[in-house]
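Numbering (the numbering used here), first residue to last: 13 to 526.
Think of the CB as a built atom: it goes at the ideal place given N, C-alpha and C, for glycine as much as any other residue.
Below is one structure, written out as C-alpha cells; comments come after it.
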Amino acid sequence: PTGATVEFYKGKGYAFPPEYGVLSAVTPGTPGGLLTMLAEFGTMSLADVLAPAIRMAEGYPMDKETGDRIEKDKDKIKAWPYSCAVLLPHLGQAYEAPLAGEIFRQPDLAGTLVKLVEAERQARAAGKTRREAIYAAYDRFYKGDIAREFVRGSREQGGLITMDDLAGWKVHLEEPVSTSYKGIDVFKLTSWVQGPVMLQALNMLEPLDLKAMGYNSAAYIHTLYQVMNLAFADRDFYYGDPYFPPQEPLDGLLSKPYARERAKLIRKDRNDPDVAPGDPYPFEGKANPFRGFLDTWREWGRGEAAALDPAQAADIEASFRTGTTSIQAADKEGWAVSVTPSGGWVPCVIAGKTGVGMSQRAQSFVLDERQNPFNVIAPGKRPRATLTPGLALKDGRPFLSFAVQGGDTQDQNLLQFFLDIVEFGMNVQQACEAPNITSYQMHDSFGEHKIFPGKLDINETVPDDVRDKLKAMGYVLDVKKYTSGPINAIYFDRAHGTFWGGSSNYGEDYGIAW
C-alpha cells in the first residue's frame with residue numbers, strides 16, 4: 013500500500029512489518045490473478061466458475077482442523093469487528109469458533125462474489141465478449157463499489173490500503189524461470205517468490221550420484237541439508253520484486269557454473285552453521301554492489317536450535333509452515349495449472365462488509381537493506397513470498413504439476429518430491445507420502461525472521477544408526493510422524509495417455525478425477 017514505508021513501520025517501533033493485523037496487509041492480488049487467468053486462458057463464464065464458491069460462502073459444514081485453528085486465534089480475531097462477526101459465532105461460550113460439522117456461513121463474501129457475477133452479466137447484456145465481461149468484474153473489484161467498501165473497512169480498522177492502491181494494482185503475465193535436471197525442464201515463478209531456490213538446489217545436486225548415497229541415508233540427508241543451506245542463503249539475500257530496483261542477479265544465481273562454485277563449499281564431515289549468501293554477480297560479468305553487506309549478514313536473526321524448549325520449537329515449526337493452499341489441475345485439452353493461493357489465512361482481518369480476508373504478506377518484507385537489499389518494503393512493491401507452485405516438462409510436454417502447503421518448507425518438500433520420482437523411481441503417490449526432512453537453517457519468512465542452524469526434522473522411520481550419524485555431524489534432531497508436506501501433484505503418463513494424481517497422507521488433501 014501507499015503508506016507502507018520503512019519510516020512508517022520503524023516509527024511504530026517495528027523491526028519487521030507485523031505478523032498479524034491490518035498493518036500486515038498488502039494490496040489484494042488473488043481476485044485479479046484468478047480473473048485474469050480465466051479471461052486470458054479459460055473458456056467458461058465467471059458465473060459458472062464462481063457458482064460453487066458462492067454456494068460454499070452461503071454455507072458449508074466446518075471441518076475440525078479449521079475450527080480449531082480459529083479457536084486457537086480467537087483472542088486476536090476479537091480485535092477486528094468484521095472478522096469476529098464471521099469467524100466467532102459462539103461468543104461468550106467456552107468454544108467460540110464454528111464447531112466441526114456446523115454450517116459455516118459467510119454472507120458478505122457471498123454478496124461480493126454475486127456482485128462480480130452481476131458485473132459480468134451486465135457487460136454481456138451490453139454486448140461485451142466473454143473476456144471483456146470478466147474484466148468488467150475485475151474493475152468492479154478494484155475500482156468499483158467492492159473496492160470502496162474494501163478500503164473503507166480496511167481504513168476503519170487502521171489499514172493503509174487506498175482506492176489508488178487498488179486501481180493501480182495489475183497482473184504481470186511473466187515468463188517463468190527454469191533449469192534442466194537430467195533432461196527434465198523444471199519451471200518456477202521468478203524472484204518475487206522463493207521458487208528459484210529449488211532450481212538452484214537442483215543445479216548443485218545434478219552432478220552428484222544421489223542414488224549411490226541411498227534414499228534417506230545419513231549421507232543423502234546431509235547432502236540435501238547442505239545444498240538447501242546454500243540455496244536458501246541466496247534466497248534470503250538476493251530475492252525480491254523484479255519490478256523494483258535493484259535488479260536481482262537471477263541469471264547468475266541460476267547458472268550452472270555458479271552452482272558448481274557453491275557446491276564446493278559443502279562440508280562432508282558435518283553441518284556448516286555459518287553458510288552465507290554467495291556472489292552471483294561475477295557470473296553475470298558484473299561487480300556486486302552489496303558485497304559489504306555479506307560480511308555481517310550472519311548476524312541477522314540467528315537462533316540456537318539446541319537451546320529451544322519444546323514449546324518454542326513448536327511455535328517456530330508452525331511459523332515455518334504458515335498458511336497456503338495447494339491446487340493442481342489438468343484437463344483433456346492439455347492444460348495444466350499449478351497454483352498456491354495464500355495470504356488471508358486465520359487469523360485475518362476481514363475488510364468491512366466485503367467478507368474478504370486481507371492478506372498478511374507484508375510481514376515477509378524487511379526494513380533494513382543490509383538483511384536483503386532486494387526485499388525492503390516500499391509502496392507498490394510485492395513481498396518476497398513463499399508461494400511456489402511448480403511445473404516440469406519432459407521432451408517439451410507436461411511431466412509433473414506439483415505444489416505444497418506451508419511457508420519456508422515448500423521448496424524443501426518439492427525438491428525431495430521431485431528427486432523421489434526422478435532419482436528413486438517412486439510413483440507420484442509414493443513421492444507425496446515419502447518421508448522428507450525439514451531444515452530451519454534459513455530465515456523464517458514470517459514473524460521475526462529467525463534462523464536456526466542445524467535444526468532438522470526427520471521422519472520416525474529413519475533408523476537409529478542414521479540419526480546417530482546426523483547428531484555426530486552437528487544436527488539437532490526432531491523426530492516427526494508426518495514429514496511429507498502435504499504435497500499435491502499430477503504425473504502425466506505419456507506412455508498410456510493417463511494422469512496420476514498424488515496427495516499426501518494427512519491433512520485436508522484429496523485427489524479427484526471426473
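- Close CB contacts of residue 164 within its chain, under the 7 Å cut and outside five residues either way in sequence, are with 364 (chain order).
- Residue 300 sits in coil when the DSSP states are folded into three classes, being neither helix nor strand.
- Of all alpha-carbon atoms in 426, 503 and 92, the one lying nearest the alpha-carbon of residue 495 is that of 426.
- For residue 162, the uninterrupted alpha helix (DSSP H) segment begins and ends at 157 to 168.
- When only Cα atoms are considered, residue 191 and residue 525 end up about 30 Å apart.
- Taking a contact as a CB-CB distance under 8 Å, the pair residue 198 and residue 342 does not count as one, their CB atoms being some 17 Å apart.
- In this structure, residue 178 and residue 194 do not form a Cβ contact; the two beta carbons are roughly 45 Å apart against a cut-off of 8 Å.
- As the crow flies, the alpha-carbon of residue 261 is around 27 Å from that of residue 406.
- Taking a C-beta distance under 8 Å as the contact criterion, residue 461 and residue 28 qualify as a contact pair.
- CA-CA distance, residue 468 to residue 443, rounds to 20 Å.
- A distance below 6 Å between beta-carbons, with the five flanking residues on each side excluded, links residue 440 to the following residues of its chain, in chain order: 501, 503, 512 and 514.
- Around residue 373, the same chain offers 38, 355, 395 and 397 as residues with beta carbons nearer than 6 Å, after the five sequence neighbours per side are excluded.
- Judged by DSSP in its simplified three-state form, residue 50 adopts helix.
- Residue 53 is classed as exposed because its beta carbon has fewer than 16 other beta carbons within 10 Å across all chains shown.
- Membership of residue 516 in any alpha helix (DSSP H) is not indicated, and neither H nor E is assigned to it by DSSP.
- In the three-state DSSP reduction, residue 406 falls in the strand class (E or B).
- Under the 10 Å beta carbon count, residue 339 is surrounded by fewer than 16 other beta carbons and is classified as exposed.
- In chain order, 131, 132, 134, 135 and 140 place their CB closer than 8 Å to the CB of residue 148, counting only its own chain and leaving out the 5 sequence neighbours on each side.
- It is roughly 28 Å from the alpha-carbon of residue 247 to the alpha-carbon of residue 323.
- Apart from the 5 residues on each side of it in sequence, residue 268 sits with its Cβ closer than 7 Å to the Cβ of 215 in its chain, given in chain order.
- Residue 205 holds the alpha-carbon nearest to the alpha-carbon of residue 400 among 430, 285, 205 and 486.
- Apart from the 5 residues on each side of it in sequence, residue 278 sits with its Cβ closer than 6 Å to the Cβ of 238 in its chain, given in chain order.
- The beta-carbon distance between residue 51 and residue 121, rounded to whole angstroms, is 21 Å. This is too long to meet the 8 Å contact definition.
- Where residue 191 is concerned, the enclosing beta strand (DSSP E) starts and stops at 189 to 193.
- By the C-beta density criterion, residue 185 is exposed, having fewer than 16 other C-beta atoms within 10 angstroms.
- In this structure, DSSP gives residue 434 a helical state, which the three-state scheme calls helix.
- Your pair residue 448 and residue 422 does not check out as a contact, with CB atoms roughly 11 Å apart and the cut at 8 Å.
- When the alpha-carbon of residue 41 is set against those of 352, 431 and 389, the nearest one is in 352.
- Between residue 189 and residue 200 the beta-carbon gap is near 6 Å, inside 8 Å, which marks them as a contact.
- Put simply, of 288, 296, 380 and 285 the residue whose alpha carbon is nearest the alpha carbon of residue 270 is 296.
- In the DSSP assignment, residue 499 falls within the unbroken beta strand (DSSP E) covering 499 to 505.
- The continuous stretches of alpha helix (DSSP H) do not include residue 351, which lies in the beta strand (DSSP E) extending over residues 348 to 351.
- Counting C-beta atoms within 10 angstroms of its own C-beta, residue 103 has fewer than 16 neighbours from the protein chains shown and is therefore classed as exposed.
- Per the coordinates, the alpha-carbon of residue 119 lies some 7 Å from the alpha-carbon of residue 367.
- Burial is judged here by how many other beta carbons sit within 10 angstroms of a residue's own beta carbon; residue 92 has at least 16 and is buried.
- Look at residue 116 here: in three-state DSSP terms it is strand.
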